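**Student:**
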Amino acid sequence: MNHIRFEIEHTAYAKIYEALTRFGDYEIGGMLVGYQKEKHHFTIADATIADDIGKFSIFNFIREPIKSMKIVSQLFKKNRFHYMGEWHSHPRFTLTPSSSDVKTMQGILIDKGYGVNFVLLIIAKLNNTKVNMAGFLFHKDLPDFVPATLTHNLSSEIEQPISTFKIP
Ligand SMILES: [Zn+2]
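Numbers 6 to 173, taken from my numbering, label the letters of the sequence shown in order.
And the structure:
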């Protein structure tokens, strides 16, 4: 399970960067959509911003699942993307899942409306003009989440390789 890799495409990266810039110290987030490239290699092709579809507060990120799922199914039909997970910012905290983050992700895993075996959580933070990201994989067959490897294929353009968080 540790070998699962998620490649962040430029569209998704740019949307997250733009949202982090716009929302500053406010937590912001949304959904991740993409597709499977190889057996243990997934691509995050696009990201939604909760501002478009839900609401947010400085301490607690909340989105509206029903509206969000509509957007996902529209993207899915148009581009053959699948729901891959969630992303949100920790402007003032470390890039590790909080207990409510873990509960949210575990809730998605058991929610038949999502119908997924695994779900990716990306926690992001603006670092000057760069984005630091950490990925966490929640899987039905695993009792706990594991760190996920994130890569970005246009890192030279962004001038920022994505830093991955490693659990010691
Ligand atoms: Zn969080």
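For every residue, glycine included, the Cβ atom is placed at its ideal position computed from N, Cα and C. None of the values given here were measured: they were computed from a predicted structure.
In angstroms with no decimal places, state the Cα-to-Cα distance between Gly90 and Glu43.
**Tutor:** The residue given as residue 90 occupies position 85 in the sequence shown. The residue given as residue 43 occupies position 38 in the sequence shown. For Gly90 and Glu43, the distance between alpha carbons rounds to 18 Å.
**Student:** Going by beta-carbon coordinates alone, are Gly35 and Ile49 separated by less than 7 Å?
**Tutor:** For this step, residue 35 is matched to residue 30 along the sequence shown. For this step, residue 49 is matched to residue 44 along the sequence shown. No; because the gap between Cβ atoms is not below 7 Å, this pair is not in contact.
**Student:** Looking at the structure shown, is Ile21 part of a helix, part of a strand, or coil, going by DSSP?
**Tutor:** Translated into the one-based positions of the sequence shown, residue 21 becomes position 16. The answer is helix: DSSP assigns Ile21 an H, G or I state.
**Student:** When every heavy atom of ligand 1 is checked, does at least one fall within less than 6 Å of the C-beta of Ser103?
**Tutor:** Within the sequence shown, residue 103 is the residue found at index 98, counting from 1. Because some heavy atom of ligand 1 lies under 6 Å away, the Cβ of Ser103 counts as near it: yes.
**Student:** Could you check whether Ala139 and Ile9 sit closer than 7 Å to each other, using their CB atoms as the reference points?
**Tutor:** Taking the sequence shown and counting its residues from 1, one reaches residue 9 at position 4. Taking the sequence shown and counting its residues from 1, one reaches residue 139 at position 134. No; because the gap between Cβ atoms is not below 7 Å, this pair is not in contact.
**Student:** For the candidate residues Ala19, Leu25, Glu14 and Thr109, whose alpha-carbon lies nearest to that of His95?
**Tutor:** Locating residue 95 in the sequence shown gives position 90, counting from the first residue. Cα-wise, what sits closest to His95 is Leu25.
**Student:** Please work out which residues of its chain come closer than 7 Å, Cβ to Cβ, to Lys130, disregarding the five sequence neighbours upstream and downstream, and give them in chain order.
**Tutor:** Taking the first residue of the sequence shown as 1, we reach residue 130 at position 125. Within the same chain, Lys130 has close Cβ partners Ser94, His95, Pro96, Leu100 and Asn137.
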